[in-house]
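Trainee: Mapping to the numbering used here: the sequence shown position 590 is 583, numbers consecutive.
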Amino acid sequence: DGFGGKVTPESDALLAKIDTLRRSVAAPLAAFERRGKEVTDARGQCAALAAFWEDISLPEHLEERSLALEEAGELQAAAEYRQLWELIVSALEQCEAILGDMPLSLEDFGRLFRRMLSQYDVGTIPVALDRVTAGDFDRMRRRSIRHLLVLGASDERLPRVSDGGGVFTDTERSELRALDIELSGGDDELDREFNLIYNVFTLPKSSLYVSRSAFASGESETRPSFVTDRIAKLFALCEENGDVHAARAQSLSGALELACAGDAAAREFFAARGESGRIAAIEKAAAEERGRLSREGVRAIYGQKLYLTASRIDNFASCRFQFFLRYGLCAKPRQSAQFAPPERGTFLHFLLENVAREVSERGGFAETDDRAVAALTDKYVREYVRTQLEDFREKSPRFVYLFRRLAETSRRIVLDTAQELRRSDFRPLDFELNFSNKDDADLPPVSVGSGEDEFVLTGTADRVDGWEHGGKLYIRIVDYKSGKKKFALSDVWQGMGLQMLLYLFTLEKHGAERYGKEIVPAGVLYVPAHDILVRADKRLSDEEIVAEKARKLHRSGLILSESEVVEAMEHGEALQFLPLYRGKLAAEALATAEQLGKLSRFLEETLSNMAGELRGGSIAADPWYENDRANTCRTCDYCDACRFSETADGWRFKTKFKAPEFWEKLENGEEETACP
-6 DGFGGKVTPE SDALLAKIDT LRRSVAAPLA AFERRGKEVT DARGQCAALA AFWEDISLPE
54 HLEERSLALE EAGELQAAAE YRQLWELIVS ALEQCEAILG DMPLSLEDFG RLFRRMLSQY
114 DVGTIPVALD RVTAGDFDRM RRRSIRHLLV LGASDERLPR VSDGGGVFTD TERSELRALD
174 IELSGGDDEL DREFNLIYNV FTLPKSSLYV SRSAFASGES ETRPSFVTDR IAKLFALCEE
234 NGDVHAARAQ SLSGALELAC AGDAAAREFF AARGESGRIA AIEKAAAEER GRLSREGVRA
294 IYGQKLYLTA SRIDNFASCR FQFFLRYGLC AKPRQSAQFA PPERGTFLHF LLENVAREVS
354 ERGGFAETDD RAVAALTDKY VREYVRTQLE DFREKSPRFV YLFRRLAETS RRIVLDTAQE
414 LRRSDFRPLD FELNFSNKDD ADLPPVSVGS GEDEFVLTGT ADRVDGWEHG GKLYIRIVDY
474 KSGKKKFALS DVWQGMGLQM LLYLFTLEKH GAERYGKEIV PAGVLYVPAH DILVRADKRL
534 SDEEIVAEKA RKLHRSGLIL SESEVVEAME HGEALQFLPL YRGKLAAEAL ATAEQLGKLS
594 RFLEETLSNM AGELRGGSIA ADPWYENDRA NTCRTCDYCD ACRFSETADG WRFKTKFKAP
654 EFWEKLENGE EETACP
């Protein structure tokens, strides 16, 4: 509410209540700010902070919190809270004694005091269970250990870089180093972390286990830490995947799911706990039917005219109930209102667009070698850091570390794009081509269908390439994928992965007004936009690693099968960038002009069916399922509200089939699409 949502009487009342609370919180903060600006030395700043603590009754609140935790049985957390007051008072007294009458603004005092607090540790002696001791690396480094289990050994967490901002920014540190004034931190901190990793990993006498979760929060896949790769090479080991089913059965929530699914042992377990009624209540609730929305309800929720994007179409095809919750009820996962760090896609497109423009001014990629492209990429990385990230000012070392890793990946993508375009007659025409009603849109939105089933399509194409031939402009759509998604016609048949095709056929019909020529659809390509990880059962040579990485950089997609178009996309017989199978152009990725025409009509029919389903009020929980790691429910934000039942609702099992079968189905006009 109040952050982009619709205004209602209920939201007004809620916002008024929140505003009252905000004012009660803001009053002591405003008084603290006023006192801090009135004084000019460290002693005065310390007095202002002490007065602020008194205003908000900090010691009493800490004591209340400690007692509440103790009553809840969280004894260790309660003990830690009891330490906080003495710790911060001691830190403040040290600040006053050391800094005294030093001139200091409120902002500078805050930075110094936060830095000082970051050097304190709050903790209690870990509870020992059967001689098992848990702790971070700092607490384990001097212990005598027989067996060691390291958790969370992903690239994002090991090595760990402190989130503390420090007194000086990276730019200021560089300026001081130029004056031969060396400061600790930065590389020193990273060196210390590497030393700590070495000390801890050499502690165990009998065994060492290193583990990580396969996925981070959300659906992003984690990368193994460099430690994992180093161990694998030294001892010729391979990563082992844990048994997800076994782990699920050993948790209380997992056992409850099994009991509700009819597992006898799980039911006996909950019966022994006196919780059979809980299972019965869940089964009764699950038996209730969802029904359908009335047409009046649909119009009230979605409006007189439907506005859809490619991602919304994918979402509807994946699960209608998920679509209803997300876009109908506008239900959102609980999260704080904040501006996220720079998106990977925005940064990548900034690099590609600017590098491609400057290379074009120099005569194109054919006239610009990799060294020059790399130099241009570095130039625009620095410009992005300067203009968008303010030279990392107030950014944590963790943010800087992740951004630099992203920048390195992006350099590889830019060089890969440069090598591709040197071998191609296709040239980038647009980056992030936008179809919408926005003032800065490149093209207007597109109306699809007619009557009540009409809807408006909006969206953004990552990259549009073109090749002029015979007075016509051949267009291909390029989409950068940071995950492992590949183009598959079987997905298209089932209503998913339509994004690039929608943009392609939209430009076929409406692109002439932008490009001034008759448009011919030439194809769509997914381009890998992530770090390439090479896994092997044996140690590979550097040449084999390079070859394996090159193989994983092959595009996936669908292209026009005309020989002159294929040759224009990539010159020569030794293809490297187009979709390949066993070193040759994959037959699965080729389509005739006639087939593309049928595919365009199929998409229109599929979208019309989807619009009809939406207007008909469908809110069925009918998620797609391929396997345990590839299904709609695995990353759904609405599992708690869904009450999905495999028996009452049922999966829609995702079937994989080859391109010939797809074209045969299309030719025969079979009614097996995802949205009948």
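Where a beta carbon is used, it is the ideal one built from N, C-alpha and C, also for glycine.
#1: Is P421 helix, strand or coil by DSSP?
#2: Which first and last residues belong to the beta strand (DSSP E) in which I470 is found?
#3: Is F358 closer than 8 angstroms to R415 when the C-beta atoms are compared?
#4: Could you tell me whether the Cβ atoms of V439 and Y300 are closer together than 8 angstroms?
#5: Thinking just about the alpha-carbon of each residue, which of S204, A61, L151, R36 is nearest to the one in F754?
#6: Counting contacts by CB-CB distance shorter than 8 angstroms, is R622 in contact with chain D?
#7: State the DSSP-derived secondary structure class of K658, mapped to helix, strand or coil.
#8: Return helix, strand or coil for T195, following the three-state DSSP convention.
#9: Tell me which same chain residues have a C-beta within less than 7 angstroms of the C-beta of L589, skipping the five on either side of it?
#10: What does the alpha-carbon distance come out to for the pair P572 and E560?
#11: Is it a yes or a no for the segment 361 to 369 touching the segment 421 to 430, going by three-plus beta-carbon pairs under 8 angstroms?
#12: Relative to the C-alpha of D458, which candidate in K474, D432, I512, F428 has its C-alpha closest?
#13: Identify, in the order they occur along the chain, each residue of the same chain with its Cβ nearer than 7 angstroms to the Cβ of V224, setting aside the five sequence neighbours on each side.
#14: Helix, strand or coil for F650, going by three-state DSSP, please let me know.
#15: Given a threshold of 16 other Cβ atoms within 10 Å of its Cβ, counted over all protein chains shown, does P653 qualify as buried or as exposed?
#16: Rounded to whole angstroms, what is the Cα-Cα separation between L596 and V18?
#17: Note down, one range per segment and in chain order, each alpha helix (DSSP H) of at least 4 residues found wholly within the segment 576 to 626.
#18: Check G459 in the structure and name its three-state DSSP category.
#19: Assuming S611 contacts R313 under a Cβ cut-off of 8 angstroms, what Cβ separation, rounded to an integer in Å, is found between them?
#20: So, helix, strand or coil for F570, using DSSP?
#21: Look up N347 in the DSSP assignment and say whether it is helix, strand or coil.
#22: Can the beta-carbon of L189 be found less than 8 angstroms from the beta-carbon of L141?
#23: Please work out which residues of its chain come closer than 7 angstroms, Cβ to Cβ, to A567, disregarding the five sequence neighbours upstream and downstream, and give them in chain order.
#24: What is the residue span of the alpha helix (DSSP H) that E289 lies within?
#25: With DSSP run on the structure shown, which of helix, strand or coil describes V82?
#26: Measure the alpha-carbon distance for A586 versus L607 and round it to whole angstroms.
#27: Just the C-alpha distance for A349 and Y467, rounded to the nearest angstrom, thanks.
#28: Which residue wins for smallest C-alpha separation from K431, given the options G296, T453, A41?
#29: Would you kindly work out how many angstroms separate the C-alpha atoms of R656 and A324, rounded to a whole number?
Mentor: On the basis of the data shown:
#1: strand
#2: 465 to 474
#3: yes
#4: no
#5: With the chain covering only -6 through 669, there is no way to say anything about residue 754.
#6: No chain D is part of this structure, which consists of one protein chain only.
#7: helix
#8: coil
#9: P514, L553
#10: 13 angstroms
#11: no
#12: I512
#13: As written in the sequence, residue 224 is Ile, which differs from the Val given in the question. These residues qualify, in order along the chain: V203, L230.
#14: coil
#15: exposed
#16: 54 angstroms
#17: 586 to 608
#18: strand
#19: 5 angstroms
#20: coil
#21: helix
#22: no
#23: none
#24: 288 to 295
#25: helix
#26: 32 angstroms
#27: 19 angstroms
#28: T453
#29: It is worth fixing the name first, because residue 656 is Trp in this sequence and not Arg. Their backbone Cα atoms lie some 39 angstroms apart in a straight line.
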